[in-house]
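What follows is a set of notes on a single structure, which appears directly below.
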Amino acid sequence: PQQLTDESLDHLLALLAVADHPAEDPIGMTAPGPTAVEAAAQEPGLAELGTRLIDSNAVVRLAPLPEDGPVEGAGMPSTVDDDEDLPAEGTGSTSNAERQPTQERPVHPMLQLLGPVELLQTRGTVERGKQRQLTEIAAYLALHPGLDHTHLSEAIWPGARALDNTRNTALSKLRKWLGATADGEEYVPRVLKDGYRLHPAVRTDWDLWREYLPDGPGAADTPALAAALDMVKGKPFAGTNPRRYAWAERVRQDMISAIVDVAHELARRALLEGDATLARRAAAAGLQADPGAELLWRDALRAEWLAGDRAGLTATADRLSALADELGDDLEPETLGGGCQSRSVTGEPFGAQRIAPQQLSSGIGL
């Protein structure tokens with residue numbers, strides 16, 4: 002997918018998260034009350050917002066995930082390289098049908114992949130300079146359980162002949178870092194007949210994502226969509242060396258596609274219900290994973306229109322045009338309008354011959 006620089010992405014997400022100014026009410030709509038900063042501070046998580054779109058008899062209360070970064074008692078993330086020991090550490094499913102999703106604080110080691118790669122809730126110690134590689138090994142084992150030593154060596158030490166003692170030493174350090182369950186079962190079992198794997202209690206956020214949405218976004222209820230999207234902390238596998246994580250490229254693309262699909266479905270439902278705040282935030286969350294997803298840019302434009310925020314609408318359109326110029330590509334027909342008119346949630350024509358402020362009124366049904 003097309004990508005933006007990190008600096009540009011930060012600016013784009015800031016534009017999508019809140020409007021810079023109250024609307025001038027050019028179309029008779031009520032301008033948003035709080036300022037942008039106040040609104041941002043008051044906005045709840047997507048999971049909480051998602052409950053508003055459920056029938057009052059079927060509301061599912063979702064506990065939001067912990068804030069970014071390790072929770073209290075969590076192991077240090079894998080992005081630090083200083084050589085020193087870490088202190089020992091203390092110490093989910095779909096809501097479809099009658100099952101209620103929960104996002105409990107993990108009591109076992111947890112791998113975060115939907116954003117910066119981090120290994121949380123570790124029980125033991127390891128020198129910091131080894132964390133990056135050990136986290137990669139843990140991620141590989143979590144996503145490829147049951148493979149033999151040859152596959153593991155080729156993935157983690159590509160182009161080099163990893164001696165048995167190199168691999169075994171790394172696995173021993175990972176075993177020490179993760180620790181064991183309360184029953185004494187090691188989170189990195191000794192090699193079994195069915196290959197290398199982590200203890201079943203060691204989960205990833207991608208595991209939880211798939212449990213929330215076993216049949217895809219279209220079949221999931223809105224709280225499940227919101228809860229899944231709340232787990233996205235950025236681009237999947239952010240902050241990793243793409244050459245080292247070459248083995249993860251296919252699953253990374255699968256994650257990005259899934260995030261875009263869920264973000265669009267949640268934004269679509271929010272727009273149909275008239276919830277501009279949820280639609281705006283759903284689009285912004287998806288654009289964290291794929292800044293070049295025009296489908297989500299169109300959702301963002303619709304959200305600004307629904308909010309009656311001409312300034313936010315213009316700013317979003319300007320950034321979308323700048324994105325197209327930066328990438329050297331034309332915008333999709335659905336975005337520009339042209340011969341392929343899409344429709345806003347009100348049924349009015351959406352799209353313009355060129356995304357420009359003077360054309361927004363006629364292009365998005367204003």
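Here the sequence shown is numbered in the working numbering, starting from 2 and rising by one per residue. Glycine is no exception: its CB is placed at the ideal position from the N, C-alpha and C atoms.
* To do: Tell whether a beta-carbon distance below 8 angstroms holds between residue 123 and residue 110.
  => Pairing residue 123 with residue 110 gives a Cβ-Cβ distance under 8 angstroms.
* Close-in-space but distant-in-sequence residues of the same chain around residue 189 (CB under 7 angstroms, 5 per side omitted) -> So the qualifying residues of the chain are 172, 175, 176, 179 and 199.
* To do: Classify residue 251 as buried or exposed, calling it buried when 16 or more other Cβ atoms lie within 10 Å of its own Cβ.
  => Its Cβ having fewer than 16 others within 10 Å, residue 251 is exposed.
* Asked: Around the C-beta of residue 234, are 16 or more other C-beta atoms found within 10 angstroms, so that it is buried, or is it exposed?
  -> With 16 or more other CB atoms across the displayed protein chains lying within 10 angstroms of its CB, residue 234 is buried.
* If you count every other CB in all the chains shown that lies within 10 Å of the CB of residue 202, and 16 or more means buried, which is it? -> So residue 202 ends up on the exposed side.
* the segment 219-228 / the segment 261-268 touching (three or more Cβ pairs under 8 angstroms) -> Output reads yes: the segment 261-268 touches the segment 219-228.
* **Same chain, Cβ closer than 7 angstroms to residue 131, five either side skipped, listed in chain order** => Answer for residue 131: 174, listed in chain order.
* From residue 161 to residue 167, what does the alpha carbon distance come to, in whole angstroms? -> Going by C-alpha positions, residue 161 is about 11 angstroms away from residue 167.
* For residue 119 and residue 67, the rounded distance between their alpha carbons -> Confidence in residue 67 is poor, its pLDDT being 35 and thus under 50, which makes the residue's placement too unreliable to answer from.
* Residue burial classification, residue 241 (beta-carbon count within 10 angstroms, cutoff 16) -> Sixteen is the threshold: when 16 or more other Cβ atoms of the shown chains lie within 10 Å of the Cβ of residue 241, as they do, the residue is buried.
* **Collapsed DSSP secondary structure at residue 122 in the structure displayed** => In the structure shown, residue 122 sits in coil (DSSP, three-state: anything other than H, G, I, E or B).
* Asked: Which residue comes first and which comes last in the alpha helix (DSSP H) that contains residue 214?
  -> For residue 214, no alpha helix (DSSP H) run applies, since DSSP gives it neither H nor E.
* To do: Just mark residue 247 as buried or exposed, buried being the case when its beta carbon has 16 or more other beta carbons within 10 Å.
  => Residue burial annotation: residue 247 is exposed, with fewer than 16 other C-beta atoms found within 10 angstroms of its C-beta.
* To do: Give the DSSP bridge partners of residue 239, in chain order.
  => 117, per the DSSP bridge assignment.
* Enumerate in chain order the residues of its own chain whose CB-to-CB distance from residue 196 is below 6 angstroms, with the five nearest sequence positions on each side excluded. => So the qualifying residues of the chain are 147, 148 and 149.
* Status (buried if at least 16 other CB within 10 Å, exposed otherwise) for residue 254 -> Of the other Cβ atoms in all chains shown, fewer than 16 fall within 10 Å of the Cβ of residue 254; this residue is therefore exposed.
* Asked: For the alpha helix (DSSP H) that contains residue 155, what are its first and last residues?
  -> Taken as a continuous stretch (DSSP letters only), the alpha helix (DSSP H) holding residue 155 covers 150-157.
* **Buried versus exposed, by CB contacts within 10 Å (16 or more), residue 184** => With fewer than 16 other Cβ atoms within 10 Å, it is exposed.
* Where residue 204 falls: helix, strand or coil (DSSP) -> Strand.
* In angstroms, rounded to a whole number, what distance separates the CA positions of residue 128 and residue 165? -> The alpha-carbon separation between residue 128 and residue 165 amounts to approximately 21 angstroms.
* To do: Please report the Cβ distance between residue 310 and residue 280, rounded to the nearest whole angstrom; I am assuming they are in contact, meaning their Cβ atoms lie under 8 angstroms.
  => Incorrect: roughly 12 angstroms between the Cβ atoms, too far for contact.
* To do: Out of 249, 213 and 256, point me to the one whose CA is closest to residue 140's CA.
  => Here the closest residue by C-alpha is 249.
* Asked: Given a threshold of 16 other Cβ atoms within 10 Å of its Cβ, counted over all protein chains shown, does residue 303 qualify as buried or as exposed?
  -> Result: buried.
* Check whether the Cβ atoms of residue 210 and residue 227 sit closer than 8 angstroms, and answer yes or no. => Going by C-beta atoms, residue 210 is not nearer than 8 angstroms to residue 227.
* Between the C-alpha atoms of residue 156 and residue 324, what's the straight-line distance to the nearest angstrom? -> Each residue's Cα considered, the two are about 35 angstroms apart.
* **Exposure of residue 236, with buried meaning 16 or more beta-carbon neighbours within 10 Å** => Residue environment for residue 236: buried (at least 16 other C-beta atoms within 10 angstroms of its C-beta).
* Asked: How would you write the range of the alpha helix (DSSP H) that residue 199 sits in, first residue to last?
  -> In the DSSP annotation of this structure, residue 199 is not part of any alpha helix (DSSP H), being labelled neither H nor E.
* Asked: In the structure shown, what three-state DSSP assignment does residue 274 receive?
  -> Residue 274: coil per DSSP, three-state reduction.
* With which residues is residue 137 paired in a DSSP beta bridge? -> Answer is none; residue 137 lacks a bridge partner.
* To do: Express the C-alpha separation of residue 258 and residue 225 in angstroms, rounding to a whole number.
  => Cα to Cα, the separation comes out at about 17 angstroms.
* Contacts around residue 138, its chain only, beta-carbon distance under 8 angstroms, and the 5 residues preceding and following it disregarded -> Apart from sequence neighbours up to five positions away, the residues of its chain that approach residue 138 with a beta-carbon distance below 8 angstroms are 153, 157, 171, 172 and 175, ordered along the chain.
* Of the listed residues 282, 151, 186 and 207, nearest to residue 143 (C-alpha basis) -> Residue 143 has its Cα closest to that of 207, out of 282, 151, 186 and 207.
* Asked: So, is residue 121 buried or exposed, given that buried needs 16 or more other C-beta atoms within 10 angstroms?
  -> Label assigned to residue 121: buried.
* Three-state secondary structure (DSSP) of residue 112 -> Three-state result, residue 112: strand.
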